[in-house]
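A short write-up of the structure that comes next.
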Amino acid sequence: MRNEISFQLDPDREVTTEADFSYKITPDTISITDTGLGKRSVANDIEAVLRKIEFWHQGSIASFKITYQDEHGAWNPVRWDGRRASFS
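Last residue of the sequence shown? That's 110 in this note's numbering, and every number before it is there in order.
Have a look at this one:
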């Protein structure tokens, strides 16, 4: 008996972003870093960025403590309820 987890990503449903970013995820936190290489900043595309992370992880990230680092190196907390994002 093999224990496997697999999933199929549907390219037609994948969320697109104009921001370019990297991120790290732990059981409680998500840290997003703006690379500065996108057409928009993470701050200006935050809802699409969060939806893309949810798509990749196939579930809500609303319970995570979320922060993002802007192109100047400043860390900013993000509130996400699964539909709207705001900065605190």
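From the three backbone atoms N, C-alpha and C, an ideal C-beta is built for every residue, glycine too.
Model, not experiment: these values are computed from the prediction.
TODO: Mark A84 as exposed unless 16 or more other C-beta atoms lie within 10 angstroms of its C-beta, in which case mark it buried.
DONE: Position 62 of the sequence shown, counting from 1, holds the residue named residue 84. With fewer than 16 Cβ atoms within 10 Å of its Cβ, A84 is classed as exposed.
Open item on the list: Let me make sure I understand the geometry here. Which of D50, D103, N98, G104 has the alpha-carbon closest to that of V64?
Closed with: Along the sequence shown, read from residue 1 onward, the residue named residue 64 stands at position 42. Of the listed residues, the one whose Cα sits closest to V64 is N98.
TODO: Would you kindly work out how many angstroms separate the C-alpha atoms of V37 and F77, rounded to a whole number?
DONE: Within the sequence shown, the letter at position 15 stands for residue 37. Within the sequence shown, the letter at position 55 stands for residue 77. The straight-line gap from Cα to Cα measures roughly 7 angstroms.
- [ ] Would you mind reading off the limits of the beta strand (DSSP E) that contains S100?
- [x] As a first step, residue 100 must be located in the sequence shown, where it is residue number 78. A small fix is needed here, since residue 100 is Val in this sequence, not Ser. Element bounds for V100: 97 to 102.
TODO: Indicate whether T55 and K87 have their beta-carbon atoms separated by less than 7 angstroms.
DONE: The count along the sequence shown starts at 1 and reaches residue 55 at position 33. The count along the sequence shown starts at 1 and reaches residue 87 at position 65. It is not a contact, given that the beta carbons lie outside the stated cut-off.
- [ ] Run the CB neighbour count on T57, radius 10 Å, all protein chains shown included, and call it buried at 16 or more, exposed below.
- [x] For the purposes of this step, residue 57 is identified with residue 35 of the sequence shown, where counting begins at 1. By the 10 Å Cβ count, T57 comes out exposed.
TODO: Quick one: residues in its chain with C-beta nearer than 7 angstroms to the C-beta of S82, no 5 flanking neighbours on either side, listed in chain order?
DONE: The residue labelled residue 82 in the question sits at position 60 within the sequence shown. Counting only Cβ-Cβ distances below 7 angstroms, and skipping sequence neighbours, we find E76, G104.
Task: Exposure label - T48; buried when at least 16 CB within 10 Å - done: Locating residue 48 in the sequence shown gives position 26, where the first residue counts as 1. Exposed, by the Cβ-count rule.
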